[in-house]
Structure formats: structure tokens, C-alpha cells
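Here's the structure we're looking at; comments come further down.
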Amino acid sequence: MNQKNQSLSVIIPVYNEEESLPSFAEELIAAVSKIPMPWEIIFVDDGSSDQSQAVIRKIAATDSRVKGVFLGRNAGQTSALSAGIQKSSGTLIASLDADGQNDPKDLERLISKLNEGYDVVSGWRKNRKDPWLNRRLPSQIANALISRVTGVYLHDYGCSLKLYKTEYLKPIRLYGEMHRFVPAFAGFLGAKITELEVNHRPRIKGKSKYGISRTLKVILDLLTVKFMDSYMGKPIYLFGGGGIIMMLLGALAAAITLYKKFALGIFVKDQPLFQVAIFFSLIGFQLLLLGLLAEILVRTYFDIKDKNSYFIRETVGF
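In my numbering, the protein residues as written are 3 to 320.
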């Protein structure tokens, strides 16, 4: 991408941050104004129950480059981020938290790093200003799990301060609590990913919405991400492979049962292994059928959505 044609969209999911928003918005506008490219700031209110929406309207009224998107109800950070992405117009998309813990001045550093030849730059809160037990420890566990399972190794998946090239973000459809996995999804498309140490500040106003319970949600979401990466295009490999293994175990149990019957004279009714053989065989057959049904559903999905099972990075000569 020609750096002269770059433009920046900054997306800020907001949920009950009326105390932090005014000072944070002022600081953010001052920071992006120093970046030599066209920019826009999109505040996405995720159904706040305080006066966050009114604050966003007031901020947007002062500058046409500041915009507000208001969700009908609290749908979660992933939905808020996704709404902002779809409304954005920049060639680069950055995301930050609205609580003021991310430093807007780091945006310029992220852009410089991306222009070294990367597609995604993820912030790394190396000196994180949060409690260890209920914030940093769960984050460390989650980062290790995500990196191991996805193969995209980052120190800090939970850092909201990230920068993306638009072409690697727009094709991604985010659901549930998948916002923390966006760099991994971009990696699945072939994006070049790096991370950069960023400033992290203690929360001064408002109340944190995160805690140790999120580690369990990360584990559950990670199962979905792994399936989407490895088996979305060929679910028969997962279900069919498991089905074949179960049927082979069932056949082995049946063979042992028959050997004991004819060689040792032990009646089948006296061998619990016979029930195990039947159980394994039935489960294996069901997994095979489930794999075939999943194959049909995946193909129907791609056809109906007019989606491809691949991502084109760029073209030449068209």
C-alpha cells in the first residue's frame, strides 16, 4: 500500500465509560491530529446504561471526523468492534479501549511499525498496571493457550491497542467474544503480524469489566477458533477421523470378545467388553454421519453466502 494513500479509522468500543470519555477523547483527538494522514474516530456505544451516549454525541458535535455508533442493546465488545469495523472507511483500522489505560500517543508508533512491512501490529503491555491475581494472571494463561493453539504467538492478545490493514479485517466476521482472537484470524489469512511494546496506564476513573472468570470463556472460544482454523473447510477430518478411531476400538473389543469365546470358552454374556464394542461402534458410526452432515452444511454455507474458502492477498496485472 502506498503510504501517501493511507487513512486511519480509530474504533473505540464504549460501555459505561461516561467518567473517562471526555478526557480520553480530548487526548485521542490531540494524538491523531498529529498523524499526517486523513483520520476518523468512531465511538461505538455498546448499550451503555449511564450517560456515555450523551457524552459521545457532545464530542461528535465538536468535530466532523468524530462519529458515534449506538447499538440497540448491550451486545458485547466483539459486536461493538465489528460494528465499528463495518462503518469505518480508513485503509488502516486501529482499536483502543475507552477507559484511558491505552495511550493514544502509541498510535503513531504502531503506524510506523506497520509501514516496515507488516499487516497487523499488536500492542504489548509489557509493564501492565493491573492487579496480578485477577487481571494479569488470567491474561498470561489465556495468551499462552491462544498462542499454542492458533500458532500465532503474541505476548498480549488481550491488549485492545492494535492496528490492522483494512483488507485483513473487513473479511472477518466476529461473533460471541471473538475480539481477542482477531490477530489469529488475520494470521489465518496470511497476514504478517508483529507486536510492539506500548504504554499502559492505571485506570483512574470508572470500573473494570474484566476478571478471572474470562479465562474459562477464552478456553471455550478457543475451541471454536481451532475448529474454524483447522476443520472449517473439511469437518469430515475431525468427525470422520474420530468416528474411524471409535469404530476401530469397537472392532478390537469385538475381536477380543470373540477370541475369549472360542479360545477360552467364556460366554459373550459374561464379557463386559462386548457392550463396550457395541458402544464404540455406534458412537463411531454417528460421528461419521455427523462429519458428512457437517460437510454438506459447510458447502451450503459457502454457496449461500457467496463466500470463498480462500483469501486473495493481492493481484497483479488485472
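For each residue, glycine too, the CB sits at the ideal point set by N, CA and C.
| Query | Result |
| --- | --- |
| Test item: CB-CB of Arg182 and Gly153 under 7 Å | no |
| Beta-carbon separation (whole angstroms), Gly86 vs Ile44, contact threshold 8 Å | 5 Å |
| Given Val220 as reference, the closest of Gln142, Pro133, Tyr166 and Lys36 once Cα atoms are compared | Gln142 |
| Three-state secondary structure (DSSP) of Lys228 | helix |
| Exposed unless 16 or more other CB atoms sit within 10 angstroms - verdict on Gly70 | buried |
| Whether Leu94 touches Leu10 by CB criterion (7 Å) | yes |
| The stretch 25 to 37 / the stretch 102 to 110 touching (three or more Cβ pairs under 8 Å) | yes |
| Cα-Cα separation, Arg127 to His157 | 8 Å |
| Alpha-carbon spacing of Met249 relative to Lys236, whole angstroms | 20 Å |
| C-alpha distance - Ile238 paired with Arg301, whole-angstrom precision | 12 Å |
| Check whether Ile322 and Ala27 have beta carbons under 7 Å apart | In the structure displayed, the chain extends from 3 to 320; residue 322 sits before or after that span and is not available. |
| Endpoints, the beta strand (DSSP E) within which Glu197 is located | Ile195 to Glu199 |
| Burial state of Thr259, where buried means 16 or more other Cβ atoms lie within 10 Å | buried |
| Which of helix, strand or coil DSSP assigns to Ser124 | strand |
| beta-carbon Leu295 near the ligand ADP non-hydrogen atom, thresh 6 Å | As for the ligand ADP, it is missing from this structure, which has no ligand bound. |
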